[in-house]
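K.L.:
Residue numbers (the numbering used here), protein chains in the order written: chain H, 976 to 1227; chain U, 925 to 1371. For glycine and all other residues, C-beta sits at the position ideal for the given N, C-alpha and C. Pasting a structure here, questions to come.
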Amino acid sequence: MAAMSPAADPVLVARALRRAFRGVRALDGVDVDLAAGEAVALLGPNGAGKTTLLTILAGVARRDEGSLEWAAGAAPRVGWVPQRPALYPRLSARENLRLFAALERAGDPDALAEELLGRADLTEFADRTAANLSTGTLQRLNLAIALAGRPSVLLLDEPTATLSPDQRLRLWKWLDELRDAGMALMFSTQSVDEAMRRGDRLVVLAAGRVLFTGTSQEMVAAHGVGGGGDAEAAELAFMRLVTGLPGTDGAG
Amino acid sequence: MRAAALIFRKDLLLLARAPALLLVLVVYPVLVALLIALALQGDERRPDVAVVNLDTSGRTVAVGERRLGVEDYLERLSEDVDVRRLDADAAAAALDQGRVSAVLTIPEGFIADLQSGVRRPALMVAASRRSPIEADAIVRRLEAAVYRLNQSLATGYVNQVLRLVDFVVDGGRIGIFGRTGDALGLRRSRVLVTDLQKRLRAAGDLRSAAELGPLVNFIEETRRNLDLAKPAANAIRAPIALEVTEGAPGREPLSAFGFAGALLVSLGLAGVLLAAAAMSAEREDHALARLARGLISSWALVAEKMAFTAVACLVVGLALLGGVAVATDLAVGRWGLWLATLLLAGLAFGAFGVLAGALARETRSALLIALMLALPLLAIGLLPDSGAASAISQIVPFGPAFDAFQTLLVEPTIDAGDISVTLGHLALLAVVFGAAAALAVSRKARA
């Protein structure tokens, strides 16, 4: 069964989250935690419920059942980075940032927009319409918009799915900086390697259920065949986990 | 409010950046307005009327110096309707199948009765039962045609009577009502009698001369009375005259009804489509999910789209009205009321469009839904008051908007109470459709 390793100082505690779409269970009693300065990777195949879980946590979608508690009883500022950029394609990068900064009630939306343009390496594309930006640049703008509300928690839905390797590195460099600054990250991915490298903890989802929560080493130890912490062993452990094959524990 | 203002500004910016859309928004309503106005001010379709002529005698009746027969009547009738000559069975079948609007039967002996002056001839009309409005219009047209024929006959008869009066007064040889003769006439009778009086007096027969006095007086009195008969007969022939004077030469004015219809179709379509596109674009761009995370409430977002549409309708509507005021002879005026009406109509069209836009995931689908909903409802809005169609047009914004447009363009005086009710109706529909749209947006945003 899933090994629960709750976060030490959680900013978010979600318990027994359930959601169904026309009778199909997308989430079936999911528990997750997230601590400040922590990066949690949601790992799972297509249709596992990763996006549904993130949209519920982000307040974009509703939950049918379950509880959602934030640290100190109040919801922190949550930044939401959907897989498909949520912005206005016919506005420029600068105009998008100014608009969302103003909507987030930033004291000085223009100054915040300029700051985010700089942090996202978007200055040279600032006046280009979003529709004319490359995929990687657009994803950086998508992330910059999510940061316009100065969030303490950032939820990212497969942020690197459409990016080239260099674009991925660039994006993760920025996300690592944010995490180092104390921001809590929860991101979904289908890449075991990315989850291992970027996540402090992994939450493995399949068919709307949490199959495992813990570090990659713990996953390999529990579900791998032969131990070790390398990517190949973790990949194998993940495959055994989601296909229901018995691992080290199960093989007993 | 602040968030709505920011989104409003964004929508204006996006609209300004889409020159093709802007052009369509301005040019399309103008083109639609012109087409609708031309269509509505053109000649009405002439109804088809089946004529069953059972009077095959070929007889004619003398009216003045002319002779009128059935063919003359049918020729006059064809000025008002398209005459289809059929036998009785074919005419009944055509009426039943809706191929003619009415059947007019000329009975056997029609002209003979007219000629006799004893029996009053009657034409028989059977109008279609399928459309009471059209049947009523047909009967009125036929009544007007019979009235004109009666008037023509009356004129002929009166002229004959007046010639008879002249004949009685002045005497002479005349042929009238089929008879000819030579008469002395009152004028010459008076001359003869007064001459006889003079000769009797000269002969010393004063008594006989005096006895002729009442006869002279009678002749004089009769002549005077018959002189009065002429204006009286003319008055009977046409008690009320309609004097038609041509207007000042210049541009052809658009009919107020046509322009009201054009304004409804152009603003209704432009408003609904703009609102639907603006709302669905938020969804298509995936921005709605971000906005719905507390940046703006669905109510405020819908209100913003409604206001955006209202401003667009106001600008386009005022441009159309200004163009009409400058380029045609149609009196526009009442600008204060127009301002309120265009804003409220724009809000209502916007709410309707936002609801359509919220139902679709993509802008193209939203536009298709909006168009499919708006077109038939607009057509119903243009129909005259008639039962179910009228009721339907009143529960969507198009009916009351058309009422308001017509009132402002047509009514000589505006009743404050009536226009307030119409504008209140528009405002109520804006609120109802706006609320429905807000609920739909809320459901779609947090699926």
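In the DSSP output, what is D977 (chain U) paired with across the bridge?
P.N.:
In the second sequence, residue 977 (chain U) corresponds to position 53, counting from 1. Going by the sequence as given, residue 977 (chain U) is Asn instead of Asp. Residue pairing for N977 (chain U): DSSP places it in a beta bridge opposite U:I1030.
K.L.:
In chain U, which residues lie with their C-beta within 7 Å of the C-beta of A1033 (chain H)?
P.N.:
By one-based count along the first sequence, residue 1033 (chain H) stands at place 58. Chain U residues near A1033 (chain H): R1217.
K.L.:
In this structure, how does DSSP classify L930 (chain U) when only helix, strand and coil are distinguished?
P.N.:
The residue given as residue 930 (chain U) occupies position 6 in the second sequence. Three-state result, L930 (chain U): helix.
K.L.:
Determine, for A1313 (chain U), whether the minimum Cβ-Cβ distance to residues of chain H falls below 8 Å.
P.N.:
The sequence position of residue 1313 (chain U) within the second sequence is 389, counting from 1. So no, A1313 (chain U) is outside the interface.
K.L.:
For R1214 (chain U), return the contacting residues in chain H, with the cut-off set at a CB-CB distance below 7 Å.
P.N.:
Along the second sequence, one-based indexing puts residue 1214 (chain U) at 290. Per Cβ cutoff of 7 Å: W1055 and A1061.
K.L.:
Could you work out which residue in H:S1163, H:V1195 and H:T1218 is closest to Q1058 (chain H) when comparing CA atoms only?
P.N.:
Locating residue 1058 (chain H) in the first sequence gives position 83, where the first residue counts as 1. With distances taken between CA atoms, Q1058 (chain H) lies nearest to H:S1163 out of H:S1163, H:V1195 and H:T1218.
K.L.:
Counting only beta-carbon atoms, is A1227 (chain U) nearer than 8 Å to chain H?
P.N.:
The residue you call residue 1227 (chain U) lines up with position 303 of the second sequence. So, not an interface residue.
K.L.:
Residue range of the alpha helix (DSSP H) that G1185 (chain U) falls in?
P.N.:
Here residue 1185 (chain U) refers to the residue found at position 261 when the second sequence is read from its first residue. It spans A1180 to E1208 - the alpha helix (DSSP H) in which G1185 (chain U) sits, taken as one unbroken run.
K.L.:
Determine the chain H residues that contact R1432 (chain U) at a beta-carbon separation under 9 Å, and present them in chain order.
P.N.:
For residue 1432 (chain U) there is no data in the structure shown, the boundaries of chain U being 925 and 1371.
K.L.:
Does I1382 (chain U) come within less than 8 Å of chain H when only Cβ atoms are used?
P.N.:
Given that chain U is displayed from residue 925 to residue 1371, the structure contains no residue 1382 (chain U) and the question cannot be resolved.
K.L.:
State the CB to CB distance for the pair R1111 (chain U) and D1094 (chain U), rounded to an integer number of angstroms; the pair is presumed to be in contact (CB under 8 Å).
P.N.:
As a first step, residue 1111 (chain U) is located in the second sequence; it is residue number 187 there, counting from the start. As a first step, residue 1094 (chain U) is located in the second sequence; it is residue number 170 there, counting from the start. Between D1094 (chain U) and R1111 (chain U) the Cβ distance is about 6 Å, and since that is below 8 Å, they are a contact.
K.L.:
Assuming P1140 (chain H) is part of the alpha helix (DSSP H), what are its boundary residues?
P.N.:
Numbered from its first residue, the first sequence carries residue 1140 (chain H) at position 165. First-last of the alpha helix (DSSP H) with P1140 (chain H): P1140 to D1155.
K.L.:
Do you know how far the Cα of A1026 (chain U) is from the Cα of G1388 (chain U)?
P.N.:
Not covered by the structure: residue 1388 (chain U). The range shown for chain U is 925 to 1371.
K.L.:
Per DSSP, what kind of secondary structure is M925 (chain U) in: helix, strand or coil?
P.N.:
Along the second sequence, read from residue 1 onward, the residue named residue 925 (chain U) stands at position 1. In the structure shown, M925 (chain U) sits in coil (DSSP, three-state: anything other than H, G, I, E or B).
K.L.:
Do L1216 (chain H) and V1200 (chain H) come within 8 Å of each other at the CB atom, strictly closer than that value?
P.N.:
Position 225 of the first sequence holds residue 1200 (chain H). Position 241 of the first sequence holds residue 1216 (chain H). In this structure, L1216 (chain H) does not lie closer than 8 Å to V1200 (chain H) by Cβ.
K.L.:
Taking only three categories from DSSP, how would you classify R993 (chain H)?
P.N.:
As a first step, residue 993 (chain H) must be located in the first sequence, where it is residue number 18. Residue state, collapsed to three classes: strand.
K.L.:
Beta-carbon of A927 (chain U) versus every beta-carbon of chain H: anything under 8 Å?
P.N.:
Residue mapping note: residue 927 (chain U) aligns to position 3 of the second sequence, counting from 1. Any Cβ of chain H closer than 8 Å to the Cβ of A927 (chain U) would place that residue at the interface, and such an atom is present.
K.L.:
Run down chain H in chain order and give the residues with a C-beta less than 8 Å from the C-beta of L930 (chain U).
P.N.:
Locating residue 930 (chain U) in the second sequence gives position 6, counting from the first residue. Neighbours of L930 (chain U) on chain H, chain order: L1074, A1077 and L1078.
K.L.:
Between K934 (chain U) and chain H, is any beta-carbon pair separated by less than 8 Å?
P.N.:
Against the second sequence, residue 934 (chain U) aligns to sequence position 10. Taking Cβ atoms only, chain H reaches closer than 8 Å to K934 (chain U), which makes this a yes.
K.L.:
Could you give the first and the last residue of the continuous beta strand (DSSP E) run that contains L1186 (chain H)?
P.N.:
Reading the first sequence from its first residue, position 211 is the one you call residue 1186 (chain H). L1186 (chain H) -> beta strand (DSSP E) spans R1184 to G1189.
K.L.:
Any idea if L1066 (chain U) is buried or exposed, counting beta-carbon neighbours within 10 angstroms, 16 or more meaning buried?
P.N.:
Taking the first residue of the second sequence as position 1, residue 1066 (chain U) is located at position 142. Of the residues assessed, L1066 (chain U) falls on the buried side of the cut-off, its CB having 16 or more other CB atoms within 10 angstroms.
K.L.:
Give the DSSP-derived three-state secondary structure of L987 (chain H) in the structure shown.
P.N.:
For the purposes of this step, residue 987 (chain H) is identified with residue 12 of the first sequence, where counting begins at 1. Correct three-state label for L987 (chain H): strand.
K.L.:
Helix or strand or just coil, what does DSSP make of A1051 (chain U)?
P.N.:
Taking the first residue of the second sequence as 1, we reach residue 1051 (chain U) at position 127. Strand, per DSSP.
K.L.:
Just the chain H side, please: which residues come within less than 9 Å of H1349 (chain U) by C-beta, in chain order?
P.N.:
Locating residue 1349 (chain U) in the second sequence gives position 425, where the first residue counts as 1. Ordered by position in chain H, no residue passes the 9 Å Cβ test against H1349 (chain U), which lies about 35 Å from the chain.
K.L.:
Could you check whether L1066 (chain H) and L1092 (chain H) sit closer than 8 Å to each other, using their CB atoms as the reference points?
P.N.:
As a position in the first sequence, residue 1092 (chain H) is number 117, starting the count at 1. As a position in the first sequence, residue 1066 (chain H) is number 91, starting the count at 1. No; because the gap between Cβ atoms is not below 8 Å, this pair is not in contact.
K.L.:
Note the first and the last residue of the continuous alpha helix (DSSP H) segment covering V1334 (chain U).
P.N.:
As a first step, residue 1334 (chain U) is located in the second sequence; it is residue number 410 there, counting from the start. V1334 (chain U) -> alpha helix (DSSP H) spans F1322 to V1334.
K.L.:
Taking C-beta pairs closer than 8 Å, name the residues in chain H that Q1211 (chain U) reaches, listed in chain order.
P.N.:
Within the second sequence, numbered from 1, the residue matching residue 1211 (chain U) stands at position 287. Here residue 1211 (chain U) is Ala; the residue named in the question, Gln, does not match the sequence. Those are A1061, L1062 and Y1063, listed as they occur along chain H.
K.L.:
Taking only beta carbons into account, state which residues of the region 1334–1367 of chain U come closer than 7 Å to chain H, listed in chain order.
P.N.:
none
K.L.:
Using a cut-off of 8 Å between C-beta atoms, extract the partners of L938 (chain U) located in chain H.
P.N.:
If you number the second sequence from 1, residue 938 (chain U) lands on position 14. The answer, in chain order, is Y1063, R1065 and L1066.
K.L.:
Taking the alpha-carbon positions, what's the V951 (chain U) to V1240 (chain U) distance?
P.N.:
Translated into the one-based positions of the second sequence, residue 951 (chain U) becomes position 27. Translated into the one-based positions of the second sequence, residue 1240 (chain U) becomes position 316. Cα to Cα, the separation comes out at about 9 Å.
K.L.:
Counting along the chain, where does the alpha helix (DSSP H) carrying R1069 (chain H) start and finish?
P.N.:
Position 94 of the first sequence, counted from the first residue, corresponds to residue 1069 (chain H). Start and end: A1068 to L1078.
K.L.:
When the distance is taken between beta carbons, is V1015 (chain H) closer than 8 Å to V1178 (chain H)?
P.N.:
Here residue 1178 (chain H) corresponds to residue number 203 of the first sequence, with the count starting at 1. Here residue 1015 (chain H) corresponds to residue number 40 of the first sequence, with the count starting at 1. Yes, these two residues count as a Cβ contact at 8 Å.
K.L.:
Going by the CB atoms, is the gap between A1068 (chain H) and R1103 (chain H) shorter than 8 Å?
P.N.:
Stepping through the first sequence from its first residue, residue 1103 (chain H) is reached at position 128. Stepping through the first sequence from its first residue, residue 1068 (chain H) is reached at position 93. A distance below 8 Å separates the beta carbons of R1103 (chain H) and A1068 (chain H).
K.L.:
Rounding to the nearest angstrom, what Cα-Cα distance links L1380 (chain U) and A942 (chain U) in this structure?
P.N.:
Given that chain U is displayed from residue 925 to residue 1371, the structure contains no residue 1380 (chain U) and the question cannot be resolved.
K.L.:
Which residues mark the beginning and the end of the alpha helix (DSSP H) in which T1135 (chain H) is found?
P.N.:
As a first step, residue 1135 (chain H) must be located in the first sequence, where it is residue number 160. Taken as a continuous stretch (DSSP letters only), T1135 (chain H) belongs to no alpha helix (DSSP H), as it is neither H nor E.
K.L.:
With three or more beta-carbon pairs closer than 8 Å as the criterion, would you say the region 1264–1282 of chain U touches the region 1200–1216 of chain U?
P.N.:
The answer is yes - the region 1200–1216 of chain U touches the region 1264–1282 of chain U, with three or more Cβ pairs under 8 Å.
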